[in-house]
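**Q** Dropping a structure here in structure tokens format, bear with me for questions.
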DNA sequence: CGGGAGGTTGACAATCGTCAATCAGAGTGG
DNA sequence: CCACTCTGATTGACGATTGTCAACCTCCCG
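Chains as they are written, first to last, in our numbering: chain P, 93 to 344; chain C, 93 to 344.
Spelled out as structure tokens, the structure:
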């Protein structure tokens with residue numbers, strides 16, 4: 093824990109290690125094993141798909157830069173975004189371990205991912221229990237976020253729902269070392285915000301302006317969000333970060 | 093796989109074994125290890141809580157009989173049910189491994205559960221990789237169901253939403269060996285259906301009657317559901333069982 | 001300068017929630 | 001056996017949050 097100097101800074105999997113190390117303490121053997129995972133790095137452009145619903149995948153992947161989303165299409169063509177992923181996150185344990193993809197994963201922005209064979213992930217998980225626990229923990233936290241999203245779209249009004257998403261995003265960005273809590277750039281259009289919150293883009297626009305009018309957020313450009321009073325925004329968003337299962341120090 | 097005669101029929105954990113065996117093939121050592129998990133059986137009455145949001149739990153539990161739900165309370169007191177659990181299901185890997193519960197688990201009916209210390213579950217998972225894989229797989233399927241629920245609540249209209257839930261329930265009951273696909277008893281009130289689908293009880297009632305009026309379901313009593321034409325109900329419910337990740341044979 | 005994507009706004013419609021009354025069935029005590 | 005009570009189901013009238021449609025605006029980029 094204290095010898096934070098990493099030897100293998102050369103591996104592209106550094107962001108994954110950071111993430112796993114966040115959930116469980118890994119010794120140097122664990123870390124080496126993670127960084128030694130065979131993988132190929134791939135640059136992907138916005139709107140390209142990592143996995144399509146129905147695919148049979150046998151690889152997992154880790155976000156190295158950029159953002160991606162998971163989504164489902166319902167009858168009638170409407171789309172629901174069920175998760176947003178950022179640097180370091182394990183994007184597809186989910187689909188790959190289950191065999192046939194029950195949802196699609198799409199790049200939200202340009203970015204790079206590392207592709208890892210599923211079998212290698214599986215092997216590592218059981219050869220190095222610390223790593224396995226971290227990965228398991230990671231999937232459990234993902235599940236926790238899904239649950240919060242169910243509650244968010246199911247039982248909160250649109251204003252609260254949006255504010256909640258803005259809070260979650262802010263905090264996750266901060267934890268991932270990608271931004272401040274006071275200001276960040278949304279990587280998504282209002283239509284995509286709508287698909288994530290079960291609203292329409294028109295209503296997202298109105299709600300966003302509503303939050304702005306009430307001084308809860310500032311927007312120097314449509315996508316850049318400033319949060320003046322975190323407490324107040326969290327309160328209107330009914331945002332309690334417990335479900336993110338962060339370490340104590342992050343919740344200051 | 094072929095020698096299906098179980099020796100330890102005495103263990104209360106039989107339903108858990110059935111479930112895990114569904115996800116991965118377990119050899120006889122694996123099975124014995126599962127059944128040998130230390131546990132205490134507890135009878136719980138309807139509306140009693142297994143875990144409350146905010147609790148620090150160090151035990152997991154398995155449903156032996158009856159039904160339970162996971163739910164979250166949002167600002168204003170509204171409730172969202174995020175999962176329904178039935179016999180054999182591992183109800184609380186989720187909360188217990190994560191430390192502090194991000195949601196409550198409540199009995200929907202009278203029933204019995206087996207309480208297992210978290211550490212024992214953890215130990216078993218890594219001592220017997222087959223079992224560990226089955227448990228991991230189980231949590232991934234749970235997550236998949238959460239994703240479907242996000243889509244259900246976020247992007248489907250109330251009629252479709254309800255029909256979807258009825259289909260999911262029917263199929264899961266069948267797989268758990270608890271009923272037929274053509275007829276079953278709902279273990280929940282309309283208010284609870286509402287909390288699961290993000291609706292109000294009044295609207296659940298109307299939608300249910302709507303489905304009935306259109307001949308999609310029959311109801312001899314308010315809670316007993318008959319499904320005449322599965323295809324038609326599945327179609328109006330936009331129900332595609334992929335997300336349940338069942339074995340081929342179950343999807344006939 | 002033209003085209004396109006995304007953001008903004010208004011008028012209108014509708015799904016769904018709220019409130020409140022009534023009904024039906026199960027369990028209880030007399 | 002019957003009133004009484006409680007929970008859950010059902011129904012109607014009404015209101016409002018949110019969706020739909022469509023126009024227009026703004027910025028970016030070739």
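Using N, Cα and C, we set each Cβ at its ideal position, and we do this for glycine too.
Under a three-way DSSP split, which group does residue 292 of chain C fall into?
**A** If DSSP states are grouped into helix, strand and coil, residue 292 of chain C belongs with coil.
**Q** Straight-line CA distance for residue 85 of chain P to residue 284 of chain C?
**A** A query on residue 85 of chain P cannot be resolved here, the shown segment of chain P reaching from 93 to 344 and no further.
**Q** Expressed to the nearest angstrom, what Euclidean distance is found between the alpha-carbon atoms of residue 187 of chain C and residue 152 of chain C?
**A** Their backbone Cα atoms lie some 8 Å apart in a straight line.
**Q** Does any residue of chain C bring its CB to less than 9 Å from the CB of residue 93 of chain P?
**A** With a pLDDT of 40 at residue 93 of chain P, under the threshold of 50, the modelled position of this residue cannot be trusted, and the question is left open.
**Q** Terminal residues of the continuous beta strand (DSSP E) containing residue 142 of chain P?
**A** Unbroken beta strand (DSSP E) run through residue 142 of chain P: 141-143.
**Q** Rounded to whole angstroms, what's the CA-CA distance from residue 196 of chain P to residue 239 of chain C? Just pull it up for me.
**A** Between residue 196 of chain P and residue 239 of chain C, the C-alpha separation is close to 11 Å.
**Q** Excluding five sequence neighbours on each side, which residues of the same chain lie with their C-beta closer than 7 Å to the C-beta of residue 210 of chain P?
**A** Around residue 210 of chain P: 150, 151, 152, 188 and 189.
**Q** Counting Cβ pairs, one atom from each stretch, are 3 or more of them under 8 Å apart for the stretch 232-248 of chain P and the stretch 295-306 of chain P?
**A** Contact fails: fewer than three Cβ-Cβ distances are below 8 Å.
**Q** Can a CB atom of chain P be found closer than 9 Å to the CB of residue 203 of chain C?
**A** No, residue 203 of chain C does not count as interfacial toward chain P.
**Q** Considering only the alpha carbon of each residue, which of C:184, C:124 and C:223 lies closest to residue 115 of chain C?
**A** Comparing Cα positions, the closest option is C:223.
**Q** One question on the structure: do residue 160 of chain C and residue 205 of chain C come within less than 9 Å of each other, judged by their Cβ atoms?
**A** Their beta carbons are under 9 Å apart, which means residue 160 of chain C touches residue 205 of chain C by this criterion.
**Q** State the beta-bridge partners of residue 182 of chain C as determined by DSSP.
**A** Answer is C:154.
**Q** With a 10 Å radius around its C-beta and 16 neighbouring C-beta atoms as the bar for buried, classify residue 139 of chain C as buried or exposed.
**A** With fewer than 16 other Cβ atoms within 10 Å, it is exposed.
**Q** Just list the residues that DSSP pairs residue 132 of chain P with in beta bridges.
**A** Answer is P:207.
**Q** If you draw a straight line from the C-alpha of residue 267 of chain P to the C-alpha of residue 320 of chain C, how long is it?
**A** So the alpha carbons of these two residues sit roughly 51 Å apart.
**Q** Can you find a CB in chain C that lies within less than 9 Å of the CB of residue 96 of chain P?
**A** With a pLDDT of only 38 at residue 96 of chain P, under the threshold of 50, the placement of this residue in the model should not be trusted; the figure read from the coordinates follows. With 9 Å as the cut-off, residue 96 of chain P does not count as an interface residue toward chain C.
**Q** Exposed or buried, residue 340 of chain C, counting other C-beta atoms within 10 Å across all chains shown (16 or more means buried)?
**A** Residue 340 of chain C should be labelled exposed.
**Q** Can you tell me whether residue 159 of chain P is helix, strand or coil according to DSSP?
**A** In this structure, residue 159 of chain P counts as coil in the three-state DSSP scheme.
**Q** Which residues, in order along the stretch 185-215 of chain P, keep a beta-carbon less than 8 Å from a beta-carbon of chain C?
**A** If the cut-off is 8 Å between Cβ atoms, the stretch 185-215 of chain P has 185, 186, 189, 190, 191, 192, 194, 195 and 214 near chain C.
**Q** By the three-class DSSP mapping on this structure, what secondary structure does residue 103 of chain C have?
**A** In this structure, residue 103 of chain C counts as coil in the three-state DSSP scheme.
**Q** Going by the CB atoms, is the gap between residue 107 of chain C and residue 180 of chain C shorter than 9 Å?
**A** Going by C-beta atoms, residue 180 of chain C is nearer than 9 Å to residue 107 of chain C.
**Q** Comparing C-alpha positions only, which one of P:282, P:290 and P:275 sits nearest to residue 317 of chain P?
**A** Checking every option, the nearest Cα to that of residue 317 of chain P belongs to P:275.
**Q** Quick one: measure Cβ to Cβ for residue 396 of chain C and residue 335 of chain P, integer angstroms, because I've assumed they're closer than 8 Å.
**A** Shown here, chain C extends from 93 to 344; a query on residue 396 of chain C therefore has no answer.
**Q** So with Cβ pairs under 9 Å, would you call residue 323 of chain P a contact of chain C?
**A** No, residue 323 of chain P does not count as interfacial toward chain C.
**Q** Based on DSSP bridge pairs, tell me the residues matched to residue 192 of chain C.
**A** Answer is C:148, bridged to residue 192 of chain C.
**Q** Residues in the same chain with beta-carbon distance under 8 Å from residue 185 of chain C, minus the five sequence neighbours each way, listed in chain order, please.
**A** Only 152, 213, 227, 230 and 231 meet the Cβ criterion.
**Q** Residue 93 of chain P to residue 122 of chain P, Cα distance in whole Å?
**A** The pLDDT assigned to residue 93 of chain P is 40, lower than 50, so where the model puts this residue is not dependable; a value taken from the coordinates is nonetheless given after this. Approximately 12 Å between the Cα atoms of the pair.
**Q** Counting only C-beta atoms, is residue 260 of chain C closer than 9 Å to chain P at any point?
**A** No, its Cβ sits nowhere closer than 9 Å to a Cβ of chain P.
**Q** Quick one: give me the first and last residue of the alpha helix (DSSP H) that residue 240 of chain C is part of.
**A** Here the alpha helix (DSSP H) through residue 240 of chain C covers 221-247.
**Q** When you compare only the Cα positions, how much space is there between residue 176 of chain P and residue 157 of chain P?
**A** Spanning the two alpha carbons is a distance of roughly 13 Å.
**Q** Mapping DSSP to helix, strand and coil, what is residue 337 of chain P?
**A** If DSSP states are grouped into helix, strand and coil, residue 337 of chain P belongs with coil.
**Q** Go ahead and pull the three-state DSSP assignment for residue 197 of chain C.
**A** Of the three classes helix, strand and coil, the one that applies to residue 197 of chain C here is strand, per DSSP.
**Q** What are the residues of the stretch 158-172 of chain P that lie near chain C, defined by any Cβ-Cβ distance shorter than 9 Å?
**A** The stretch 158-172 of chain P vs chain C, Cβ under 9 Å: 162, 163, 164, 165, 166, 167, 168, 170, 171 and 172.
**Q** Check the DSSP bridge columns for residue 277 of chain C and list the partner residues they point to.
**A** BP columns for residue 277 of chain C point to C:316.
**Q** Taking only beta-carbon positions, decide if residue 295 of chain C is within less than 9 Å of chain P.
**A** With 9 Å as the cut-off, residue 295 of chain C does not count as an interface residue toward chain P.
**Q** Using DSSP with H/G/I as helix, E/B as strand and the rest coil, what is residue 302 of chain P?
**A** DSSP places residue 302 of chain P in helix when its eight states are reduced to three.
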